[in-house]
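Below is one structure; the comments refer to it alone.
Residue numbers (the working numbering): 100 to 168.
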């Protein structure tokens, strides 16, 4: 489905939730599990709060992801 907030309409999104966005070790554990499944690109981690606030790079927000690795 087209997404007006995407800088490239050909790209999709995978949404993965963790129990606590402030628990960096758990976020990195989930990141490693995604790597083991074959995800090779950089992974951004954005909180629900940022999404609900309408924070997107294409809208001028420069630092949207809490983690990016």
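The beta-carbon is built from N, C-alpha and C at its ideal position, and this holds for glycine as well.
When the options are compared against residue i, the one with the closest alpha-carbon
| i | options | result |
| --- | --- | --- |
| residue 167 | 145, 101 and 152 | 145 |
| residue 150 | 164, 111 and 113 | 164 |
| residue 147 | 139, 114, 136 and 106 | 114 |
Cut-off 7 angstroms between Cβ atoms - residues of its own chain near residue i, not counting five sequence neighbours on either side
| i | result |
| --- | --- |
| residue 132 | none |
Cut-off 6 angstroms between Cβ atoms - residues of its own chain near residue i, not counting five sequence neighbours on either side
| i | result |
| --- | --- |
| residue 130 | 142 |
| residue 125 | 117 |
| residue 152 | none |
Through-space distance from residue j to residue i, alpha-carbon basis
| i | j | result |
| --- | --- | --- |
| residue 102 | residue 108 | 7 angstroms |
| residue 137 | residue 123 | 21 angstroms |
| residue 134 | residue 119 | 20 angstroms |
| residue 155 | residue 104 | 7 angstroms |
Sheet register partners of residue i (DSSP bridge)
| i | result |
| --- | --- |
| residue 111 | DSSP output for residue 111 lists no bridge partner at all. |
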